[in-house]
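Down below is the structure, laid out as structure tokens.
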Amino acid sequence: MEQHLQQHDWYNALSPEHRKLAAAATQLARFGADSFIARRGELSSHWIGVHEGLIKLAVYNVDGRSSTLSGVPEGGWCGEGSVIKREARRYDVIAVRASQILLVPADTFHLLMARSLPFNAFVIRQLNERMGQFIATVQNERLLDVDARVAQAIAQLFHPMLYPRTSPVLELSQEEIGLLTGLSRQRVNQAMRRLAELGLVEISYQSIRVVDLDGLRAFGMASL
241 MEQHLQQHDW YNALSPEHRK LAAAATQLAR FGADSFIARR GELSSHWIGV
291 HEGLIKLAVY NVDGRSSTLS GVPEGGWCGE GSVIKREARR YDVIAVRASQ
341 ILLVPADTFH LLMARSLPFN AFVIRQLNER MGQFIATVQN ERLLDVDARV
391 AQAIAQLFHP MLYPRTSPVL ELSQEEIGLL TGLSRQRVNQ AMRRLAELGL
441 VEISYQSIRV VDLDGLRAFG MASL
């Protein structure tokens with residue numbers, strides 16, 4: 241577990257005593273594609289990290305319709321707000337593909353919050369950056385056209401604070417992009433072709449190479 245956690249900045253910032261505490265309590269669990277890692281309405285019992293794979297945060301209504309709030313790639317963490325408040329989770333956490341998930345128990349999370357200034361600093365930055373990401377997501381969904389929404393959804397996976405381990409080559413299918421954006425695979429395919437024509441990405445089977453990240457981040461934003 242120490243080897244797994246050493247890949248995450250917050251763990252390396254802890255004192256030896258607090259690293260030992262975190263490593264002893266953290267669990268590594270495996271989930272298949274489309275599996276629920278945590279369900280809306282359940283007590284937020286763990287802070288959730290993606291060791292390998294890709295997950296999404298989504299809300300479903302009684303008719304089965306869904307709204308994806310965010311995608312979290314390898315190296316990202318989520319759910320700290322609900323754990324801090326010890327409240328029922330307000331969204332489902334679902335594996336988009338087979339994933340290995342790190343689970344830090346809520347009690348351990350609160351002990352680190354109480355005893356470790358570096359951990360506090362990390363969580364505060366995490367909350368601040370995630371709030372900015374959610375505001376941007378709402379803005380994009382309401383004001384941007386579909387091609388720009390796809391571009392921004394991909395660009396968000398390269399957030400340097402929230403997702404520091406994202407590779408320029410995303411092992412991400414167009415169906416998975418559809419799951420992250422709430423769009424059909426066919427519509428995502430159209431958007432990806434346009435982005436490729438503009439030289440922002442290169443499309444391969446089951447993967448996307450981001451050629452121009454700055455251009456991808458800027459795509460469509462002039463209309464705001």
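Residues in the sequence shown are numbered consecutively from 241, following the numbering used here. We put the CB at the ideal spot given by N, CA and C, even for glycine.
Whole-angstrom Cβ separation of Ala-395 and Arg-330, contact assumed at under 8 Å? Indexing the sequence shown from 1 puts residue 395 at position 155. Indexing the sequence shown from 1 puts residue 330 at position 90. About 25 Å separates the two Cβ atoms, so there is no contact after all.
Taking Ala-262 and Val-344 to be in contact with their CB atoms under 8 Å, please state how far apart those CB atoms are, rounded to whole angstroms. Indexing the sequence shown from 1 puts residue 262 at position 22. Indexing the sequence shown from 1 puts residue 344 at position 104. Right, their Cβ atoms sit about 7 Å apart.
Per DSSP, what kind of secondary structure is Gln-446 in: helix, strand or coil? Locating residue 446 in the sequence shown gives position 206, where the first residue counts as 1. It is coil, neither helix nor strand.
The alpha helix (DSSP H) that contains Gln-373, what's its start and end? As a position in the sequence shown, residue 373 is number 133, starting the count at 1. 357-383 is the extent of the alpha helix (DSSP H) around Gln-373.
Tell me the rounded alpha-carbon separation between Gly-372 and Trp-317. As a first step, residue 372 is located in the sequence shown; it is residue number 132 there, counting from the start. As a first step, residue 317 is located in the sequence shown; it is residue number 77 there, counting from the start. Gly-372 and Trp-317: Cα-Cα distance of roughly 15 Å.
Under 6 Å Cβ to Cβ from Gln-392, same chain only, skipping five residues before and after it: list those, please. What you label residue 392 is simply residue 152 of the sequence shown in a count that begins at 1. Only Asn-380 meet the Cβ criterion.
Host alpha helix (DSSP H) of Thr-421 (start-end): Taking the first residue of the sequence shown as 1, we reach residue 421 at position 181. In the DSSP assignment, Thr-421 falls within the unbroken alpha helix (DSSP H) covering 414-421.
Measuring alpha carbon to alpha carbon, tell me which of Arg-425, Ser-407, Leu-402 and Tyr-300 ends up nearest Gly-311. Taking the first residue of the sequence shown as position 1, residue 311 is located at position 71. Answer by Cα proximity: Leu-402.
Through-space distance from Leu-297 to Phe-374, alpha-carbon basis: As a working mapping, residue 374 is identified with position 134 in the sequence shown. As a working mapping, residue 297 is identified with position 57 in the sequence shown. When the Cα atoms are used, Phe-374 and Leu-297 turn out to be separated by approximately 11 Å.
On the premise that Ile-277 lies in contact with Val-333, defined as a C-beta separation below 8 Å, what is that separation, rounded to the nearest angstrom? Taking the first residue of the sequence shown as 1, we reach residue 333 at position 93. Taking the first residue of the sequence shown as 1, we reach residue 277 at position 37. At roughly 4 Å, the Cβ-Cβ gap stays under 8 Å, so Val-333 and Ile-277 are in contact.
Please report the Cβ distance between Val-290 and Pro-256, rounded to the nearest whole angstrom; I am assuming they are in contact, meaning their Cβ atoms lie under 8 Å. Working through the sequence shown from its first residue, we reach residue 290 at position 50. Working through the sequence shown from its first residue, we reach residue 256 at position 16. Not confirmed; about 25 Å, so no contact.
Using the C-alpha atoms, what's the distance from Glu-292 back to Gly-304? The residue given as residue 304 occupies position 64 in the sequence shown. The residue given as residue 292 occupies position 52 in the sequence shown. When rounded, the distance between both Cα atoms is 28 Å.
Of the residues Ser-356, Tyr-445, Val-451 and Ala-431, which one's Cα is nearest the Cα of Leu-384? In the sequence shown, residue 384 corresponds to position 144, counting from 1. The residue with the shortest Cα to Cα distance from Leu-384 is Ala-431.
Beta-carbon separation (whole angstroms), Gly-422 vs Ser-339, contact threshold 8 Å: Your numbering for residue 422 matches position 182 in the sequence shown. Your numbering for residue 339 matches position 99 in the sequence shown. So it is not a contact: roughly 20 Å between Cβ atoms.
Pick from Leu-342, Val-302, Asn-429 and Gln-426: whose alpha carbon is nearest that of Gln-243? Translated into the one-based positions of the sequence shown, residue 243 becomes position 3. Here the closest residue by C-alpha is Leu-342.
Alpha carbon to alpha carbon, how far is Gln-267 from Ala-376? Mapped onto the sequence shown, residue 267 falls at position 27. Mapped onto the sequence shown, residue 376 falls at position 136. So the two alpha carbons sit approximately 32 Å from each other.
Can you tell me which of Arg-434, Gly-319 and Ala-335 puts its alpha carbon nearest to the alpha carbon of Leu-367? As a position in the sequence shown, residue 367 is number 127, starting the count at 1. If we check each option's Cα against that of Leu-367, Gly-319 comes out closest.
Grab me the residues of Ser-322's own chain with a C-beta within less than 8 Å of its C-beta, minus the 5 sequence neighbours each way, in chain order. Position 82 of the sequence shown, counting from 1, holds the residue named residue 322. Short of 8 Å from the beta carbon of Ser-322, and not among the five residues preceding or following it, lie these beta carbons of its own chain, in chain order: Ser-284, Ala-328, Arg-329 and Arg-330.
Taking the alpha-carbon of Leu-254 as reference, which of Ile-324, Ala-354 and Tyr-300 has the nearest alpha-carbon? Here the question's residue 254 lines up with position 14 in the sequence shown. With distances taken between Cα atoms, Leu-254 lies closest to Ala-354.
Compare the C-alpha of Leu-474 against each of Ile-288, Trp-287, Thr-308 and His-248 and name the closest. What is shown of the chain runs 241 to 464, which leaves residue 474 out entirely.
So the beta strand (DSSP E) Pro-313 belongs to, where does it begin and stop? By 1-based counting over the sequence shown, the position of residue 313 is 73. From DSSP, the beta strand (DSSP E) with Pro-313 extends over 306-313.
Going by C-alpha to C-alpha distance, which of Asp-274, Glu-369 and Phe-398 sits closest to Gly-455? Taking the first residue of the sequence shown as position 1, residue 455 is located at position 215. It is Phe-398.
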